[in-house]
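Undergrad: In this note's numbering, the protein residues as written are 53 to 449. Don't be surprised by glycine CBs; every beta carbon is placed ideally from N, CA and C. Below is one structure. I have some questions about it.
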Amino acid sequence: MKRNILILILGLAGFTVMADNWVVSPILPAIARSLNIEPIRAGLLITAYMIPFGLFQLIFGPLADRYGKRQVVNLAMAFFTIGTALSALGFSLTDLAFYRALTGVFAASVMPISLALIGDVVPLQERQSAIGTFMGISFLGQGLSMAIGGTIAYFLSWRGVFAVYSLLALVSTLLLYIAGRQIPSVRNPKSQFFNPYLCLLSNAISAPTYLVVLLEGILIIGSFSYLGAYIAQTYHYNNFVIGLIMTAFGIAAVLAGRASGPLAARWGRRPILLAGLLAAAVADILFWGYGAQLLLLILGVALLGLGFMLAHSTLLTIATEFAAQARGTAMSLVAFAFMGGGGVGTAIGGRLIHAFNFNRFFALYALCLFLLILLAALVVRVNVTVPTRMEPAGESR
Numbered sequence: 053m054k055r056n057i058l059i060l061i062l063g064l065a066g067f068t069v070m071a072d073n074w075v076v077s078p079i080l081p082a083i084a085r086s087l088n089i090e091p092i093r094a095g096l097l098i099t100a101y102m103i104p105f106g107l108f109q110l111i112f113g114p115l116a117d118r119y120g121k122r123q124v125v126n127l128a129m130a131f132f133t134i135g136t137a138l139s140a141l142g143f144s145l146t147d148l149a150f151y152r153a154l155t156g157v158f159a160a161s162v163m164p165i166s167l168a169l170i171g172d173v174v175p176l177q178e179r180q181s182a183i184g185t186f187m188g189i190s191f192l193g194q195g196l197s198m199a200i201g202g203t204i205a206y207f208l209s210w211r212g213v214f215a216v217y218s219l220l221a222l223v224s225t226l227l228l229y230i231a232g233r234q235i236p237s238v239r240n241p242k243s244q245f246f247n248p249y250l251c252l253l254s255n256a257i258s259a260p261t262y263l264v265v266l267l268e269g270i271l272i273i274g275s276f277s278y279l280g281a282y283i284a285q286t287y288h289y290n291n292f293v294i295g296l297i298m299t300a301f302g303i304a305a306v307l308a309g310r311a312s313g314p315l316a317a318r319w320g321r322r323p324i325l326l327a328g329l330l331a332a333a334v335a336d337i338l339f340w341g342y343g344a345q346l347l348l349l350i351l352g353v354a355l356l357g358l359g360f361m362l363a364h365s366t367l368l369t370i371a372t373e374f375a376a377q378a379r380g381t382a383m384s385l386v387a388f389a390f391m392g393g394g395g396v397g398t399a400i401g402g403r404l405i406h407a408f409n410f411n412r413f414f415a416l417y418a419l420c421l422f423l424l425i426l427l428a429a430l431v432v433r434v435n436v437t438v439p440t441r442m443e444p445a446g447e448s449r
């Protein structure tokens with residue numbers, strides 16, 4: 053199977069999952085009206101999705117190492133499709149929360165297993181470009197989710213949003229099953245569940261990298277999470293226009309993903325990592341000082357997407373080499389650190405905005421990103437392997 057086709061198929065699955073991840077926010081008021089409940093109570097739907105989505109990042113990696121990455125992600129995407137379709141049929145908050153939780157559980161599989169598969173089939177010298185392309189397509193779904201969800205809800209209903217997303221998930225599932233049969237899938241029946249995590253977190257080489265990923269999630273996803281609210285407050289645009297503006301994040305991420313590999317090959321991974329964090333810091337500075345100027349705001353959104361992808365694709369590429377025989381586990385830990393960091397950064401950001409304002413929030417996160425640049429320059433090491441006391445080889449199926 054051609055690697056580019058594999059990246060596109062995995063990217064479509066990632067696009068669907070990341071778009072589904074964020075789509076409830078713009079349609080929450082419509083769901084609340086339909087169910088005749090307060091919008092605050094309807095916020096349970098976001099929590100019901102995010103908690104299992106975060107926790108099960110740690111489960112699917114070891115399962116993929118033991119039973120085969122292709123097999124596990126195929127099964128998980130099938131259940132993700134079912135959960136999304138059932139969400140269109142929920143007629144009470146309890147029903148809908150259960151279906152969203154089910155969707156979140158299986159959505160957690162896509163990022164870590166896809167990254168581990170890319171690590172398995174793409175040579176190291178080409179891997180950062182492949183990872184960057186996959187992540188760029190995936191986060192384009194996140195950037196477009198508000199516009200997509202708002203548009204579908206406007207012309208159909210909030211149930212139509214989940215119906216359309218279930219069809220998109222079905223296409224992804226079928227492509228993974230049909231074309232994915234050509235993907236080599238390594239099984240390691242003797243792989244251990246917790247030991248690789250302990251090894252990765254206790255190692256002086258890998259542990260600091262996971263710390264940088266955690267802080268990156270706090271600061272970059274934390275910044276991104278409130279861009280829609282900031283634009284709405286500053287410009288009073290509707291969700292569709294806000295979604296279009298935030299699409300600059302996804303477009304820049306896709307372009308940066310394609311460029312990150314050649315840039316890293318020329319300049320080295322550490323400079324590209326630091327350049328990405330610097331671009332994200334500059335983006336927050338633009339939001340802080342010049343957010344009221346539309347062109348500079350859009351430039352900031354694009355810089356945040358570019359910086360995120362340069363930094364994150366570099367960290368992901370580094371992590372794929374930590375444990376070749378436990379690659380699913382290694383990538384699960386990256387996904388958990390990043391998404392968990394994003395949740396923490398969003399929670400902290402909400403408190404900061406409530407206590408101060410958007411401008412001070414962005415200024416503080418910009419300052420923290422500059423400090424993260426210094427930390428990353430000191431602790432992140434590249435081209436290293438971390439022993440995890442795994443069995444030396446697995447079975448190819």
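State the start and end residues of the unbroken alpha helix (DSSP H) segment that holds Pro114.
TA: Gln109 to Tyr119
Undergrad: Going by beta-carbon coordinates alone, are Leu329 and Leu252 separated by less than 8 Å?
TA: no
Undergrad: Report the three-state DSSP secondary structure of Leu208 (helix, strand or coil).
TA: Note: Leu208 maps to coil in three-state DSSP.
Undergrad: Would the stretch 305-312 and the stretch 219-229 be scored as touching if the rule is three or more Cβ pairs under 8 Å?
TA: no
Undergrad: Mapping the DSSP letters down to three states, classify Ile294 as helix, strand or coil.
TA: DSSP places Ile294 in the helix class (H, G or I) of the three-state scheme.
Undergrad: Entirely within the stretch 101-189 and at least 3 residues each: give me those beta strand (DSSP E) ranges in chain order.
TA: none
Undergrad: Three or more C-beta pairs under 8 Å: does that hold for the stretch 166-186 against the stretch 349-367?
TA: At 8 Å Cβ cutoff, the stretches touch.
Undergrad: Ala153 and Ala100 - do their beta-carbons sit closer together than 8 Å?
TA: yes
Undergrad: For Ala149 and Leu96, I'd like the C-alpha separation in whole angstroms.
TA: 7 Å
Undergrad: Closer than 8 Å is the cut-off here; do at least three beta carbon pairs connect the stretch 259-278 with the stretch 402-414?
TA: yes
Undergrad: Quick test of your reading: Thr286 and Ala344, contact by CB under 8 Å. State the CB separation rounded to the nearest angstrom.
TA: 6 Å
Undergrad: Can you tell me the Cβ-Cβ gap for Gly66 and Gly193, rounded? I've got them flagged as a contact below 8 Å.
TA: Between Gly193 and Gly66 the Cβ distance is about 7 Å, and since that is below 8 Å, they are a contact.
Undergrad: If you follow the alpha helix (DSSP H) that Ala363 is part of, which residue opens it and which one closes it?
TA: Leu346 to Thr372
Undergrad: To the nearest angstrom, how far is it from the Cα of Leu427 to the Cα of Leu271?
TA: 14 Å
Undergrad: Among the residues of its own chain, which have a CB less than 6 Å from the CB of Phe405, if the five just before and after it don't count?
TA: Sequence inspection shows Ile at residue 405; the Phe mentioned does not correspond to that position. These residues qualify, in order along the chain: Phe413.
Undergrad: Going by C-alpha to C-alpha distance, which of Val69, Arg379 and Ala300 sits closest to Phe131?
TA: Val69
Undergrad: Where does Lys121 land, buried or exposed, given buried means 16+ other C-beta within 10 angstroms?
TA: buried
Undergrad: If you draw a straight line from the C-alpha of Glu443 to the C-alpha of Pro248, how long is it?
TA: Low local confidence applies: a pLDDT of 41 at Glu443 is under 50, so the model's placement there is unreliable, with the coordinate-based value given in what follows. About 11 Å.
Undergrad: Ile200 and Ala71 - do their beta-carbons sit closer together than 8 Å?
TA: yes
Undergrad: Would you report the Cα separation of Leu115 and Pro175, rounded to the nearest angstrom?
TA: Their Cα atoms are separated by approximately 23 Å.
Undergrad: Taking DSSP as the reference, what is the three-state secondary structure of Glu90?
TA: Here Glu90 sits in coil by DSSP.
Undergrad: Rounded to the nearest angstrom, what separates Tyr342 and Ser166 at their Cα positions?
TA: 38 Å
Undergrad: How far does the alpha helix (DSSP H) with Val334 in it extend, from its first residue to its last?
TA: In this chain, the alpha helix (DSSP H) harbouring Val334 covers Arg321 to Tyr342.
Undergrad: DSSP three-state call for Gly446: helix, strand or coil?
TA: Residue placement at Gly446 cannot be trusted, given a pLDDT of 42 that sits under 50; what the coordinates show is reported in the next sentence. In this structure, Gly446 counts as coil in the three-state DSSP scheme.
Undergrad: Quick one: what's got a C-beta closer than 7 Å to Ile350's C-beta in the same chain, skipping five residues either side?
TA: Ile297 and Ala300
Undergrad: Which class does Ile257 belong to by DSSP, given the choice of helix, strand or coil?
TA: Secondary structure of Ile257 (DSSP, three-state): coil.
Undergrad: By the DSSP assignment, the alpha helix (DSSP H) with His288 in it spans what residues?
TA: Here His288 belongs to no alpha helix (DSSP H), and DSSP marks it neither H nor E.
Undergrad: Would you decide whether Ala429 is buried or exposed? Buried here means 16 or more other CB atoms lie within 10 Å of its CB.
TA: With fewer than 16 Cβ atoms within 10 Å of its Cβ, Ala429 is classed as exposed.
Undergrad: Roughly how many angstroms lie between the CA atoms of Asn409 and Arg403, to the nearest whole one?
TA: 10 Å
Undergrad: Buried or exposed, going by whether 16 or more other CB atoms sit within 10 Å of the CB of Gln180?
TA: buried
Undergrad: Would you kindly report the start and end of the unbroken alpha helix (DSSP H) that includes Val75?
TA: Premise fails: Val75 is in no alpha helix (DSSP H) and is neither H nor E.
Undergrad: Put Asn247 into one of helix, strand or coil per three-state DSSP.
TA: If DSSP states are grouped into helix, strand and coil, Asn247 belongs with the helices.
Undergrad: Using a Cβ-Cβ cutoff of less than 6 Å, which residues in the same chain neighbour Gly171 once the five nearest sequence positions on both sides are dropped?
TA: Taken in chain order, the residues that qualify are Thr372 and Arg379.
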